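One structure is given here, and the rest of the page talks about it.
In the working numbering, the protein residues as written are 10 to 208.
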């Protein structure tokens, strides 16, 4: 685990403990801790209460390292093609999450208060179908960049919990929900391939 890898994981989390960054990367927490402490010593990260975030200097340093670190991935046509297929599924997921967070009542769109279990269960069923579509695509991406396999595991775990009745695992912002993990995967791909969210 290099300082660069630890900083990249932290950039995806935005703010997190070494354990949270390690879970994202599928790496030993003690190695992530050492990488983040190295970044801290160089003024590339700041820490508070056991958690870290990159400093502006750290963000600049990371951006400067990306072209060399990810040159092979950016030149990989199979990875680029996989990313384009990912974006198509990403569009469908965004629509699904919108429908999860809102519902139509008497012709008006209102926040979903999750009092209609049938409505929620239909959305969760569709999320399961979307995951079945996404899995081969994600495995293909992980074949080109093995670290991405960790997202497959985390997405499956979130879906299992949602299907078991823990509905916060659909889109809860403060837990490893399906939407949260997917967002992190998207951010990872954008950084690796030098894309932007509005490409």
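Positions of the beta carbon are idealized from the N, C-alpha and C atoms, including for glycine.
This one's a predicted model, so the numbers in the text were calculated from it and none came from an experiment.
Boundaries (first-last residue) of the beta strand (DSSP E) holding residue i
i: residue 112; result: 111-114
i: residue 225; result: Outside the shown range of the chain (10 to 208) lies residue 225, about which nothing can therefore be said.
First and last residue of the uninterrupted alpha helix (DSSP H) at residue i
i: residue 189; result: 187-202
i: residue 145; result: 126-153
i: residue 14; result: 12-22
i: residue 175; result: Counting along the chain, residue 175 falls outside any alpha helix (DSSP H), and DSSP gives it neither H nor E.
Cut-off 6 Å between Cβ atoms - residues of its own chain near residue i, not counting five sequence neighbours on either side
i: residue 88; result: 82, 153
i: residue 194; result: 160
i: residue 198; result: 92
i: residue 42; result: 27
Residues of its chain near residue i, where Cβ-Cβ distance is below 7 Å and the 5 sequence neighbours each way are ignored
i: residue 108; result: 132
i: residue 70; result: 53
i: residue 66; result: 52, 53
i: residue 74; result: 13
i: residue 148; result: 161
i: residue 172; result: 133, 137
Buried or exposed by the 16-neighbour rule on C-beta atoms within 10 Å, applied to residue i
i: residue 201; result: buried
i: residue 12; result: buried
i: residue 18; result: buried
i: residue 125; result: exposed
i: residue 72; result: exposed
i: residue 203; result: exposed
i: residue 61; result: buried
i: residue 90; result: exposed
i: residue 106; result: buried
i: residue 32; result: buried
i: residue 84; result: exposed
8 Å contact criterion, which residue i and residue j should meet: CB distance rounded
i: residue 102; j: residue 49; result: Wrong, their Cβ atoms sit about 35 Å apart, outside the cutoff.
i: residue 45; j: residue 15; result: 5 Å
i: residue 36; j: residue 10; result: 5 Å
i: residue 166; j: residue 186; result: No, residue 166 and residue 186 are not in contact; Cβ-Cβ is about 10 Å, not under 8 Å.
Same chain, Cβ closer than 8 Å to residue i, neighbours up to 5 away in sequence not counted
i: residue 110; result: 120, 121, 180
i: residue 176; result: 123, 129, 133
i: residue 98; result: 139, 142, 143, 146
i: residue 23; result: 62
Below-8 Å beta-carbon distance, residue i vs any chain B residue
i: residue 186; result: Within the model displayed, chain B is absent; a lone protein chain is all it includes.
Proximity test, residue i beta-carbon vs the ligand MN heavy atom, cut-off 7 Å
i: residue 71; result: Summarising the ligand content, the structure contains no ligands, and the ligand MN is consequently not present.
Minimum length 4: unbroken alpha helix (DSSP H) runs contained in the stretch 28-85: 38-50, 65-78, 80-83
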